[in-house]
Amino acid sequence: MGLFDRLRARFGRRAARRPEPMVALSAPIRAARVAPARRLAAPPSFPHFKSTAGDQLDPKLGDRFAGLRVRLRNAFTPSQPVTDRRLFAGRAKTMSDLIRSIEDERLHTVIYGERGIGKTSMLHVLAQAARDARYQVVYVSCGAESNFDEMIRSVARGIPLLFHGEYGPTSPEAEKHASLANLLTAEPISVRTASDLLHTVTGTRVLVILDEFDRCESRDFRRCVGELLKSLSDRSSRVQLVIAGVAANLTELVENVPSVQRNVYALNVPKMTATEIRQLVTNGEEVSGVLFDDAATQAIISRAIGFPYLASLLGHRAGLLAIDDGRTTVTADDVAVATSEAVAELKGRISKRSQMQISDCVQAGMLGTLGAVAGAAQSSGGQFTSDDIGALRGDAESIAKAKTLIDHLATAGALIERQEDEFGHSYRFVEDSVPIYLWLLSAQHRFAETSETAPAPVAAER
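Numbers 1 to 462, taken from the working numbering, label the letters of the sequence shown in order.
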């Protein structure tokens, strides 16, 4: 009997045992004697928000843990980029190189790397530093339907007309807070028109940030942006572009790379080091007031594998678990539970087809190998080879097992796809969320195995 049939039979029998009462319609209606009301037990407290939309604490919650919770959500922001420089950990060398390329070399910049590596946070911190230096900064988040005309109009609206070479600060147009957009007609904007307009900027420098550039599906848009990069450089314009997106290399983001290569600084955002992840946790401690013991910090470092998104996600969830338990110190056990919660959340972002394929691999005892493959994908920017797996798992037997699994999955069209180029073949997971999910799932499994053999931990002091 199938699952549906068993449920129908079970609930059908229950319904049969509880027939609906028969009511005689012809019976006279009599006044019913009302029994004295019984005092009901107080219902459990209904969940409610613990602070207002203005981030003010609920006055009914006077304990210190309510304040800790508010500060913790500002200290670790896995669902949002870092916008506060106090919380921006590490990346000093990367940010210095980025600023030098813009300020000293007058280059346009293309920032690329895997999802969750911290590109958008870098852009926000860069924008803040540029504004401090009196740059005009225009931030544009690209989408699937982005087009060149729309992008240029958005940029023009962000540049005041007083910085146009033919309009002074006391001109009537400038005093009315007009922008370069006021000079545009309704005609579609070409690369030449955009270049002519932006070349008029004087008295300042403009930084145009195009984030999520990989989301745009139009090759014409990419081609026009590439041509604009070259035109602005050739004319020594005071407008520079910073382009960022998910990609394994520069060619995946920008069209006509050979023609603009000398005008562009390409920055592949590296993974964070263990020291930088530790600094991320320390920054969170200073802002929130919640402390992470050494074991908890090390657990976050090992699970994050250099990705600030994972470190922030686990730090936030582990901190909430400690607060809910009435503690101000986070332990490794909190990180373990936070990992389980993150695994459950990430699973919901994966298609049912991939979930079933992963389940088949787990049942076949391949979770550890699949986790290593996912780690290789994360460490190499999404596109990986057998050599990348060998860098994580050095023993020959594990490498051979991983290679066999990869070939099997790619051939079957499950989870992994094979990619061919002039340098040979490589692999990539079909869904972006799968590698992160698999890595944390295998980490959760490893922790469970370790806990079974390790002595019971001493309870943390409250």
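The C-beta atom is built at its ideal place from N, Cα and C for all residues, glycine as well.
Practice problem: Output the distance between the C-alpha atoms of Ala318 and Arg223, rounded to the nearest integer angstrom. | Solution: Translated into the one-based positions of the sequence shown, residue 318 becomes position 318. Translated into the one-based positions of the sequence shown, residue 223 becomes position 223. Taking the straight line joining both Cα atoms gives about 45 Å.
Self-check item: Proximity winner among Thr297, Thr200, Ala311, Ala448, relative to Val239 (alpha-carbon distances)
Solution: Against the sequence shown, residue 239 aligns to sequence position 239. Comparing Cα positions, the closest option is Thr200.
Quiz item: In whole angstroms, what separates the C-alpha of Thr385 from that of Tyr427?
Solution: In the sequence shown, the residue the question calls residue 385 occupies position 385. In the sequence shown, the residue the question calls residue 427 occupies position 427. Taking the straight line from one Cα to the other gives about 6 Å.
Exercise. Please go through the same chain and pick out, in chain order, the residues whose beta-carbon is closer than 8 Å to the beta-carbon of Leu123, but skip the five residues on each side of it.
Key: Taking the first residue of the sequence shown as position 1, residue 123 is located at position 123. Closer than 8 Å at Cβ, skipping near neighbours: Pro81, Ile111, Tyr139, Ile209, Asp211, Val242, Ala244.
Quiz item: Which ranges does the alpha helix (DSSP H) cover as unbroken runs of at least 4 residues, wholly within the stretch 305-375, from first to last along the chain?
Solution: For the stretch 305-375, the continuous alpha helix (DSSP H) assignments of 4+ residues that do not extend past its boundaries occur at 308-324, 332-347, 352-363, in sequence order.
Quiz item: For Ala144, does the count of other Cβ atoms within 10 angstroms reach 16, so buried, or fall short, so exposed?
Solution: Numbered from 1 along the sequence shown, position 144 holds the residue referred to as residue 144. Answer is exposed; the Cβ neighbour count stays below 16.
Practice problem: State buried or exposed for Thr297, treating a residue as buried only when at least 16 other CB atoms are found within 10 Å of its CB. | Solution: Against the sequence shown, residue 297 aligns to sequence position 297. Answer is buried; the Cβ neighbour count reaches 16.
Quiz item: Taking DSSP as the reference, what is the three-state secondary structure of Phe88?
Solution: Here residue 88 refers to the residue found at position 88 of the sequence shown. Coil at Phe88, not helix or strand.
Quiz item: Any contact of the stretch 279-289 with the stretch 116-132, i.e. 3+ C-beta pairs under 8 Å?
Solution: Because the criterion of three Cβ pairs below 8 Å is not met, the stretch 279-289 and the stretch 116-132 do not touch.
Quiz item: Going by the beta-carbon positions, is the gap between Leu438 and Ala374 smaller than 8 Å?
Solution: Taking the sequence shown and counting its residues from 1, the one referred to as residue 438 is at position 438. Taking the sequence shown and counting its residues from 1, the one referred to as residue 374 is at position 374. The Cβ atoms of Leu438 and Ala374 sit closer than 8 Å to each other.
Quiz item: Based on Cα-Cα distance, which residue from Ser179, Pro78, Gln383, Phe148 lies nearest to Thr120?
Solution: Position 120 of the sequence shown, counting from 1, holds the residue named residue 120. Of Ser179, Pro78, Gln383, Phe148, the residue nearest in Cα terms is Pro78.
Quiz item: What residue does the alpha helix (DSSP H) around His124 start on, and which one ends it?
Solution: As a position in the sequence shown, residue 124 is number 124, starting the count at 1. Looking at the DSSP string, the run of the alpha helix (DSSP H) that includes His124 is 119-132.
Exercise. Mark Glu420 as exposed unless 16 or more other C-beta atoms lie within 10 angstroms of its C-beta, in which case mark it buried.
Key: Counting from one through the sequence shown, the residue named residue 420 turns up at place 420. Exposed is the call here.
Exercise. Note down, in chain order, each residue of its chain lying with its Cβ closer than 6 Å to the Cβ of Leu370, except the 5 sequence neighbours on either side.
Key: Taking the first residue of the sequence shown as position 1, residue 370 is located at position 370. Taken in chain order, the residues that qualify are Cys361, Leu438.
Self-check item: Inter-residue Cα distance where the pair is Ser312 and Glu286
Solution: Numbered from 1 along the sequence shown, position 312 holds the residue referred to as residue 312. Numbered from 1 along the sequence shown, position 286 holds the residue referred to as residue 286. Each residue's alpha carbon lies about 14 Å from the other.
Quiz prompt | Exposure label - Arg278; buried when at least 16 CB within 10 Å | solution = The sequence position of residue 278 within the sequence shown is 278, counting from 1. Arg278 should be labelled buried.
Quiz prompt | Counted within 10 angstroms of its Cβ, other Cβ atoms place Pro308 as buried (16 or more) or exposed | solution = Translated into the one-based positions of the sequence shown, residue 308 becomes position 308. Flag for Pro308 reads buried.
Quiz prompt | Close-in-space but distant-in-sequence residues of the same chain around Tyr265 (CB under 6 Å, 5 per side omitted) | solution = Along the sequence shown, read from residue 1 onward, the residue named residue 265 stands at position 265. Excluding residues up to 5 positions away in sequence, Ser101, Leu107, Thr109 lie with their Cβ nearer than 6 Å to the Cβ of Tyr265 in the same chain.
Quiz prompt | CB contact flag (Leu314, Ala304, <8 Å) | solution = Position 314 of the sequence shown, counted from the start, is the residue given in the question as residue 314. Position 304 of the sequence shown, counted from the start, is the residue given in the question as residue 304. Their beta carbons are under 8 Å apart, which means Leu314 touches Ala304 by this criterion.
Quiz item: Just the Cα atoms here: how many angstroms apart are Ile358 and Leu415?
Solution: In the sequence shown, counting from the first residue as 1, residue 358 sits at position 358. In the sequence shown, counting from the first residue as 1, residue 415 sits at position 415. Their backbone Cα atoms lie some 8 Å apart in a straight line.
Quiz prompt | Ser195 and Arg157 closer than 8 Å at C-beta | solution = On the sequence shown, position 195 is the one that residue 195 refers to. On the sequence shown, position 157 is the one that residue 157 refers to. Contact flag unset, no.
Self-check item: Sequence-distant residues of the same chain with beta carbon closer than 8 Å to Ile99, five excluded per side
Solution: Against the sequence shown, residue 99 aligns to sequence position 99. Within the same chain, Ile99 has close Cβ partners Leu126, Ala129.
Quiz prompt | Pro169, buried or exposed, once every other Cβ within 10 Å from all chains shown has been counted against 16 | solution = In the sequence shown, residue 169 corresponds to position 169, counting from 1. Pro169 is classed as exposed because its beta carbon has fewer than 16 other beta carbons within 10 Å across all chains shown.
Quiz item: Can the beta-carbon of Leu197 be found less than 8 Å from the beta-carbon of Asn182?
Solution: Indexing the sequence shown from 1 puts residue 197 at position 197. Indexing the sequence shown from 1 puts residue 182 at position 182. Taking 8 Å as the Cβ cut-off, Leu197 and Asn182 do not qualify as a contacting pair.
Quiz item: DSSP puts Glu420 in a beta bridge; with which residues?
Solution: Within the sequence shown, the letter at position 420 stands for residue 420. Partner(s): His425.
Practice problem: Determine the extent of the alpha helix (DSSP H) in which Leu405 is found, giving its start and end residues. | Solution: The residue you call residue 405 lines up with position 405 of the sequence shown. Where Leu405 is concerned, the enclosing alpha helix (DSSP H) starts and stops at 396-412.
Quiz item: Which one or two residues does DSSP pair with Tyr139 in a beta bridge?
Solution: Start at 1 with the first residue of the sequence shown, and residue 139 comes out as number 139. DSSP output for Tyr139 lists Ile209 as bridge partner(s).
Quiz item: Tell me which same chain residues have a C-beta within less than 6 Å of the C-beta of Ala178, skipping the five on either side of it?
Solution: By 1-based counting over the sequence shown, the position of residue 178 is 178. The answer, listed in chain order, is Leu161.
Quiz prompt | From Ala396, Ala372, Gly424, Ala133, residue whose alpha carbon lies closest to that of Ile406 | solution = To locate residue 406, count along the sequence shown from 1; it is residue 406. The residue with the shortest Cα to Cα distance from Ile406 is Ala372.
Quiz item: Given Gly368, which residues of its chain have a CB within under 7 Å of its CB, disregarding the five upstream and five downstream residues?
Solution: The residue labelled residue 368 in the question sits at position 368 within the sequence shown. Closer than 7 Å at the Cβ level, and outside the excluded window around Gly368, lie Ser442.
Exercise. Confirm, please, whether the CB-CB distance from Gly90 to Met272 is below 8 Å.
Key: The count along the sequence shown starts at 1 and reaches residue 272 at position 272. The count along the sequence shown starts at 1 and reaches residue 90 at position 90. Taking the C-beta atoms as reference points, Gly90 is found nearer than 8 Å to Met272.
Self-check item: Sequence-distant residues of its chain with Cβ nearer than 8 Å to Ser171 (five each side left out)
Solution: Against the sequence shown, residue 171 aligns to sequence position 171. Closer than 8 Å at Cβ, skipping near neighbours: Leu161, Leu162.
Quiz prompt | Own chain partners of Leu409 with C-beta closer than 7 Å, once the 5 adjacent residues on each side are dropped | solution = In the sequence shown, the residue the question calls residue 409 occupies position 409. Leu415, Ile416, listed in sequence order.
Self-check item: Best match in Pro435, Ala377, Thr339, Ala364 for proximity to Ala448 [C-alpha to C-alpha]
Solution: In the sequence shown, counting from the first residue as 1, residue 448 sits at position 448. With distances taken between Cα atoms, Ala448 lies closest to Thr339.
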